[in-house]
Amino acid sequence: MEQQERADVIKRLKTIRGHLQGVEKMIDEGKNCDEIMQQITAIKSSVEKVGWLIIRDHAADCLMAEPMTKDEVNKTIQRIAQFLK
1 MEQQERADVI
11 KRLKTIRGHL
21 QGVEKMIDEG
31 KNCDEIMQQI
41 TAIKSSVEKV
51 GWLIIRDHAA
61 DCLMAEPMTK
71 DEVNKTIQRI
81 AQFLK
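Going by full-length UniProt numbering, the sequence shown opens with residue 1, and the numbers climb by one from there.
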């Protein structure tokens, strides 16, 4: 992963951490369910975006690396497919 991409992923993960802490605080304070669910939806979306960044980078690194056997290509595809579930 390139330095800029790594920095972007780390920044996004820190933002997600902040949102999670915010949800924890909202629950502690007894905020209403709609507000909490809105934050959880935002967190889910953010986690998916980070996942895609990592998957894209991983796939590019794996597929552009040294020549791969058919089995290695299949394993890489399976790892990507696992994320898509």
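By construction, the Cβ of each residue, glycine as well, lies at the ideal position given by its N, Cα and C atoms. Just so you know, these numbers come straight off a predicted model, no measurement behind them.
Per DSSP, residue 1 lies in no alpha helix (DSSP H) and is assigned neither H nor E. For the 8 Å CB-CB criterion, residue 41 and residue 59 do not form a contact. Here residue 23 is buried. Its C-beta has 16 or more other C-beta atoms within 10 Å.
In this structure, the straight-line span from the alpha carbon of residue 30 to that of residue 17 is close to 20 Å.
In terms of Cβ geometry, residue 47 and residue 9 do not form a close pair [threshold 8 Å]. The beta carbon of residue 12 lies closer than 8 Å to those of 46, 49, 50 and 53 in the same chain, with the five residues before and after it left out. Here the alpha carbon of residue 56 sits roughly 12 Å from the alpha carbon of residue 81.
Residue 20 is not a Cβ neighbour of residue 36, given a cutoff of 8 Å.
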